[in-house]
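Protein chains: 2
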Amino acid sequence: MPSVTTESLAGAASALDTALASALRLSVVRLNRRLRAQRADTSVTLTQLAALSTLDLHGALTPGELAAHEKVQPPSMTRVLTVLEERGLVLRRPHPSDGRQALVELTEAGRDLLAQEVRMREAWLAQRLAELPAEDRETLRAASAVIDRLVAS
Amino acid sequence: MPSVTTESLAGAASALDTALASALRLSVVRLNRRLRAQRADTSVTLTQLAALSTLDLHGALTPGELAAHEKVQPPSMTRVLTVLEERGLVLRRPHPSDGRQALVELTEAGRDLLAQEVRMREAWLAQRLAELPAEDRETLRAASAVIDRLVAS
DNA sequence: TATTGTTATACTCTATAACTATA
DNA sequence: TATAGTTATAGAGTATAACAATA
Numbered sequence: 027m028p029s030v031t032t033e034s035l036a037g038a039a040s041a042l043d044t045a046l047a048s049a050l051r052l053s054v055v056r057l058n059r060r061l062r063a064q065r066a067d068t069s070v071t072l073t074q075l076a077a078l079s080t081l082d083l084h085g086a087l088t089p090g091e092l093a094a095h096e097k098v099q100p101p102s103m104t105r106v107l108t109v110l111e112e113r114g115l116v117l118r119r120p121h122p123s124d125g126r127q128a129l130v131e132l133t134e135a136g137r138d139l140l141a142q143e144v145r146m147r148e149a150w151l152a153q154r155l156a157e158l159p160a161e162d163r164e165t166l167r168a169a170s171a172v173i174d175r176l177v178a179s
Numbered sequence: 027m028p029s030v031t032t033e034s035l036a037g038a039a040s041a042l043d044t045a046l047a048s049a050l051r052l053s054v055v056r057l058n059r060r061l062r063a064q065r066a067d068t069s070v071t072l073t074q075l076a077a078l079s080t081l082d083l084h085g086a087l088t089p090g091e092l093a094a095h096e097k098v099q100p101p102s103m104t105r106v107l108t109v110l111e112e113r114g115l116v117l118r119r120p121h122p123s124d125g126r127q128a129l130v131e132l133t134e135a136g137r138d139l140l141a142q143e144v145r146m147r148e149a150w151l152a153q154r155l156a157e158l159p160a161e162d163r164e165t166l167r168a169a170s171a172v173i174d175r176l177v178a179s
């Protein structure tokens, strides 16, 4: 009965993907909460930190590009940028060729704060990562890349 | 100069952990956003779904245990449980031996809805997982387990 | 007195809809 | 008319502080 076998295999593969999806969902939701809770003793929120990190990695971006990278809608990014600009951590420059757009870049203060935040804030995560076997760290490194591709798709 | 070498190695290892921590943070934040955005066409939020999943995996739990599993503070879990109980998806039973505590369990309706949500809601994630090379799926599976240990610690 | 859970309150994160300015 | 960005508004997610009930 090949059809039954085929169906079983297909069904099994799909079930496995669903189980993996569920497990991954729970893991990600919980780690995200833990990372957000870390905010208490620092001066920027996790969302603001993510925006600063992305600007640091990519250089100047338009608000729209930044929203796309961060997987938020433009109005959400507007709010984040407003706060960051008020605090002097980023700068909105006019776009050289398109008056509708803007170019957002890190200020010197933003770069400094980012470095400091990354050091302080990621202490517990980096510490825990350091305690893991090298193999587990490698797994997370690879997973991070896979997730990025997944999210970008 | 062995001390310089040792310091260099230690410094390098630490820098790598910090880089990994940053990459993992960005990946997790973005995937979490994407998973939350999935809510649009479903009937429970991601947070509610996570609580239901955990009850399904662990069986009856007290609100405190559930909050600990989900990495939220007890009042946050109270709010989630209130909504779920109003909708008949969970049930709060008196604890057999401690009048302060309660035992929360899935109702039949909760179990049904969970199955349905997992099918519908994780369609896009399961679909993308299915498109990945088996190796990448294995990486994510392993990473999920590592993250769970990390978060629990 | 300590612990479990809830209520009260407030802030962060994010979205959709409507608006403005430029292309 | 289409696009980039912002403003207005609302709902979800979460926390801390204060309280009630039980151990």
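Quick note, the sequences are listed as chains A and B, same order. When we follow my numbering, the leftmost residue of the first sequence carries the number 27, and every step to the right adds one. When we follow my numbering, the leftmost residue of the second sequence carries the number 27, and every step to the right adds one. Note that CB positions come from ideal geometry on N, CA and C, so glycine has one too. Predicted model, so just to flag it, every value in this text is computed and none were measured.
Please list, in chain order, all residues of the same chain as residue i whose beta carbon is under 8 Å from its beta carbon, the five residues on each side excluded.
i	result
Ala128 (chain B)	Thr88, Pro89, Arg118, Arg119, Pro120 and His121
Leu92 (chain B)	Ala77, Thr80, Leu81, Met103, Leu107 and Val130
Arg137 (chain B)	Asp82
Alpha carbon to alpha carbon, how far is residue i from residue j?
i	j	result
Val116 (chain A)	Arg105 (chain A)	13 Å
Glu131 (chain B)	Ser123 (chain B)	17 Å
Gly85 (chain B)	Gln99 (chain B)	20 Å
Leu75 (chain B)	Leu140 (chain B)	7 Å
Arg62 (chain A)	Val55 (chain B)	9 Å
Ser170 (chain B)	Glu148 (chain B)	16 Å
Glu111 (chain A)	Leu42 (chain B)	30 Å
Trp150 (chain A)	Gln142 (chain B)	37 Å
Ala45 (chain B)	Thr71 (chain B)	32 Å
Val177 (chain B)	Arg126 (chain A)	43 Å
Leu57 (chain B)	Arg175 (chain B)	19 Å
Ala49 (chain B)	Ala168 (chain A)	10 Å
Ala26 (chain B)	Arg51 (chain A)	A query on residue 26 (chain B) cannot be resolved here, the shown segment of chain B reaching from 27 to 179 and no further.
Arg154 (chain A)	Glu161 (chain A)	14 Å
Ser53 (chain A)	Ala47 (chain A)	10 Å
Leu166 (chain A)	Ala135 (chain A)	31 Å
Ser179 (chain B)	Gln64 (chain A)	14 Å
Keeping to the same chain, check which residues put their C-beta closer than 6 Å to that of residue i; ignore five residues upstream and five downstream.
i	result
Ala152 (chain B)	none
Ala77 (chain B)	Val106
Along the beta strand (DSSP E) that carries residue i, what are the first and last residues, could you check?
i	result
Glu131 (chain A)	Ala128 to Leu132
Pro120 (chain A)	Val116 to Pro120
Can you list, in chain order, the residues of its chain with a C-beta nearer than 7 Å to that of residue i? Leave out the 5 residues immediately preceding and following it.
i	result
Ala156 (chain B)	none
Glu164 (chain A)	none
Thr133 (chain B)	Gly114, Leu115, Val116 and Leu117
Val109 (chain A)	Gln74
Leu35 (chain B)	At Leu35 (chain B) the pLDDT is 43, less than 50, meaning the model places this residue with poor confidence; the figure from the coordinates comes in the next sentence. Taken in chain order, the list of residues that qualify is empty.
For the candidate residues the options, whose alpha-carbon lies nearest to that of residue i?
i	options	result
Leu144 (chain A)	A:Ser79, A:Leu166, A:Arg163 and A:Glu96	The question names Leu, yet the displayed sequence has Val at residue 144 (chain A). Among A:Ser79, A:Leu166, A:Arg163 and A:Glu96, the Cα nearest to that of Val144 (chain A) belongs to A:Ser79.
Glu96 (chain B)	A:Asp43, A:Val177 and A:Arg60	A:Arg60
Ser102 (chain A)	A:Ala160, A:Thr73 and A:Gln64	A:Thr73
Pro159 (chain A)	B:Pro159, B:Ile173 and B:Ser53	B:Ile173
Hey, could you find the ends of the alpha helix (DSSP H) residue i is sitting in?
i	result
Ala168 (chain B)	Ala160 to Ala178
Thr80 (chain A)	Leu72 to His84
Gly90 (chain B)	Pro89 to Glu96
Ser102 (chain A)	Pro100 to Glu112
Glu253 (chain A)	What the structure shows of chain A is the stretch from 27 to 179, and residue 253 (chain A) is not part of that stretch, so it cannot be assessed.
Hey, would you say the C-beta of residue i is under 8 Å away from at least one heavy atom of the ligand HEM?
i	result
Gly125 (chain B)	Although the ligand HEM was asked about, the structure shown includes no ligands whatsoever.
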